[in-house]
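In the working numbering, the protein residues as written are 1 to 274. Every residue, glycine too, gets a C-beta built ideally from N, C-alpha and C. Here the structure is a predicted model, which is why all the values come from computation and not from measurement. For reference, the structure discussed in these notes is given below.
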Ligand code: DGL
């Protein structure tokens with residue numbers, strides 16, 4: 001397929017569930033004419049507390065399915081945990097660009113820091129992988145990065161609880177090391193954390209800039225489409241398809257609240273039993 005044949009092919013994105021919709025929102029806003037397929041693996045969510053190998057296998061299976069079923073022109077791994085442990089393997093599997101959320105997020109973080117003391121928070125899987133530390137060392141050399149896993153944050157968001165006293169107490173405890181490190185900017189290195197921004201912001205204090213990966217990832221998608229000559233022209237609004245491996249109805253109801261009016265219908269896809 002030539003680059004111009006690929007223009008109408010969709011951008012395919014996936015996450016363990018609906019958290020990656022923060023990235024989908026940014027891509028839709030920046031590139032409204034692009035066709036998009038979003039896959040939320042809610043049947044196997046959460047990824048953040050799973051074994052590294054399991055997340056790699058799930059990510060590879062989803063990527064193969066997206067390629068076979070939707071022939072996308074690009075894959076966006078809209079999940080920090082999957083980006084942290086599976087990106088290289090996915091890139092070697094397919095012949096279309098694969099974009100993760102780690103590097104774009106870090107780039108934003110490095111742009112906003114004045115002191116060079118920065119923080120990143122994420123799931124246990126993401127932080128334990130060391131992927132942020134390695135990428136930061138590559139991108140910025142001597143940056144002073146404090147990283148901290150925040151187990152429990154995702155579950156609060158899932159319950160729709162983003163500002164209760166309980167979540168604040170947890171945030172105070174988990175964020176203490178990044179506060180003590182006197183970072184001036186903090187990367188929300190998990191797709192769910194933007195929903196906790198108010199609570200995290202209160203705990204960290206006004207002077208700390210909170211950075212999310214979504215916008216910068218959308219810019220990276222645009223940059224690569226332009227580079228590969230596969231940007232869809234300013235024809236008509238793009239189509240959007242949403243697929244969930246779990247209950248499609250509940251995905252539509254929660255996902256619709258998070259994403260907005262574009263989520264009119266959710267298709268389901270079941271993984272064959274092993
Ligand atoms: N999507 C995951 C991430 O960004 C968070 C939810 C999960 O643990 O699956 O790391």
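Query	Result
Pull up the distance between the alpha-carbon of residue 58 and that of residue 104, whole angstroms please.	23 Å
Are the beta-carbon atoms of residue 189 and residue 80 separated by less than 7 Å?	yes
Considering Cα atoms alone, identify which of 15, 201, 234 is closest to residue 99.	15
How close, in whole Å, do the beta carbons of residue 107 and residue 144 come, if the pair is a contact with beta carbons under 8 Å?	Residue 107 to residue 144, Cβ: 17 Å. No contact.
Please state whether DSSP places residue 145 in a helix, a strand or coil.	strand
Just to confirm, does residue 132 get its C-beta within under 6 Å of one of the non-hydrogen atoms of the ligand DGL?	no
What span of residues does the beta strand (DSSP E) with residue 74 cover, start to end?	74-77
Would residue 1 be called buried (16 or more neighbouring beta carbons within 10 Å of its own) or exposed?	exposed
Provide the residue(s) that pair with residue 49 in DSSP beta bridges, ordered along the chain.	In the DSSP output, where bridge partners are listed per residue, residue 49 has none listed.
Bridge partners for residue 39 per DSSP, in chain order?	14, 243
Quick check for students: name the residue ranges of the beta strand (DSSP E) that lie wholly in the segment 58-116, counting only runs of 3 or more.	74-77
Use the C-beta contact count for residue 9: other C-beta atoms within 10 angstroms, 16 or more gives buried, fewer gives exposed.	buried
Indicate whether residue 101 and residue 217 have their beta-carbon atoms separated by less than 7 Å.	yes
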